[in-house]
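Numbering (the numbering used here), first residue to last: 106 to 677. Using N, Cα and C, we set each Cβ at its ideal position, and we do this for glycine too. Structure record follows, encoded as structure tokens.
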């Protein structure tokens, strides 16, 4: 703020103007003018000789400056010395390039700045550059689509056209400054990816700026078993300005249009929603009609189409459990996994098949020589937040030829041999650590320090061996599921790049007796992988979620690891 004060000609810069005026008088031979008796604090500390040298130095600097552009020359024939002398339209461009959070401080500098900052063009630019708002408040048309059509297609397709005058805000008297300060900046902390606390089921919520709304979209996997289909999504809530300087929160749950809701930011990386009119969630046909509608939206079929009795029980259980919340939920922030050039494939979100539980969302992340698949959505057996698969990248598997691969016993033999090898290596590693701990406790001199270097060298050697094993693997090899292995999706790729030993988490209903069992991680391409559960004789196919999520990057690797730890502890 002090710098702005000097630039605009107020505060400490007053002495600078006096020195400039005195210098003009000396240049023009103004001996008849009165001397400046008001001494500047900077000038009071030095003698007359030093002042003369400073003036000469200033003259040399000014002479070395390039000549000002004709557009920069003010009405008095010289270049402007402060921001206040610049044309207002230029100040609008300058202020519009500053972050919106700095503009209130700039407005406190002087009255001129405060008046210029009332220009709506400045705030429109900040809304567009910081939050992606592209609509024009005065003419809400996007590529020839009217505001009503935008609302009907993106917010609530079932709303009748005659209700738009009551539902849509009064954009004619709205300003971008109010949109920025009362809507975007106020609710900026809830933008990004979130996981709702819905017991074992979890979910994926993406809060985005959509036009002049902030909307919470719940992302749903495609209907089982079409894992390669795009994600589905539906709005759970929206925030917008119904009146000037007043943001309105509306619940979008149910089939009767938007209604009154509430959002509370509980703490950092956590917020909650509440519906104040839950009667809008009810249907005239009662719970039976609500269940049939939910089943059609969730599974894309009717209950009569599902012949498996256990699957019917799981579906009915999920409906009863999730519908009791009535969109009154608590959300916790999740981040997309960070990536590095050494990763096997790009980490991210995938949708995978889980038998009778249908399709679920899994986050694949890499941690050195390990890769982890964490559930974002879950089920009563393995709830959301748990680590469903773990891949040991240091132990690649060489699959047999296509004929022997059909033999489940042959594949089991290969995997169990690697499992025994991994167990021995873990025991040796544990013994080595115990020995190192004893040596460190007994050592009184830094003689034991080179051991750490040897350990690092061993880790680098193992990493090099891992890369060498991947380089030796062919670009692609034939793949087929062994006989007896069940797959929800028979349309899986018939070639794969590489396979690794891994473990999968299985448990009884209610996450009872959890244990990690051996399996095979199969990498098909950059966007698809699979996992063979040996004990279950089951195969899960995963396909990448190809959605560009905004405001979802982790600030650091440590923040991402902490997030994984938190969602797993909550699930436990």
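Shown here for residue 511: same chain residues with a beta carbon closer than 7 Å to its own, the five before and five after excluded, namely 585, 587 and 588 in chain order.
CA-CA distance, residue 580 to residue 389, rounds to 58 Å. Within the same chain, Cβ atoms closer than 8 Å to the Cβ of residue 648 are found at 332, 333, 455, 456, 457, 632 and 633, the five residues on either side in sequence being excluded. Using a Cβ distance threshold of 8 Å, residue 317 and residue 487 do not count as a contacting pair.
According to DSSP, residue 331 shares a beta bridge with no other residue.
In the structure shown, residue 385 adopts helical secondary structure according to DSSP, grouped into three states. Pairwise C-beta distances place the stretch 459 to 476 out of contact with the stretch 296 to 305, as fewer than three of them are shorter than 8 Å. Proximity to residue 311 across 341, 410, 400 and 433 peaks at 341, based on C-alpha coordinates.
For the set 622, 598, 614 and 616, the Cα lying nearest the Cα of residue 646 is the one of 598.
Secondary structure at residue 430: coil, using DSSP grouped into helix, strand and coil.
Remark: C-beta atoms of residue 377 and residue 434 approach each other more closely than 8 Å.
Secondary structure note for residue 499: its beta strand (DSSP E) is the uninterrupted segment 492 to 502.
Between the stretch 429 to 448 and the stretch 388 to 407, the count of Cβ pairs shorter than 8 Å is below three; the stretches do not touch.
By DSSP's assignment, residue 340 forms a beta bridge with 322.
For residue 637, the closest alpha carbon among the candidates 290, 624, 630 and 410 is that of 624.
Counting other Cβ atoms within 10 Å of its Cβ, residue 495 reaches 16 or more and is therefore classed as buried. Going by beta carbons, residue 479 and residue 669 fall inside the 8 Å limit.
By a beta-carbon distance limit of 8 Å, residue 676 contacts residue 489. Their separation comes to about 6 Å.
DSSP places residue 656 in the coil class of the three-state scheme, outside both helix and strand. In the three-state scheme derived from DSSP, where H, G and I count as helix and E and B as strand, residue 462 is classed as helix.
Membership of residue 547 in the alpha helix (DSSP H) is indicated by the continuous run 513 to 547.
Here residue 326 is buried, its C-beta having at least 16 other C-beta atoms within 10 Å.
Assignment of beta-bridge partners to residue 485 by DSSP yields no partner. Excluding the 5 residues flanking it on each side, residue 329 has same chain C-beta neighbours closer than 6 Å at 463 and 464, in chain order.
Annotation for residue 315: the continuous beta strand (DSSP E) segment containing it runs 309 to 315. In the three-state DSSP reduction, residue 470 falls in the strand class (E or B). 635 is the residue among 612, 635, 500 and 320 whose C-alpha sits nearest the C-alpha of residue 593.
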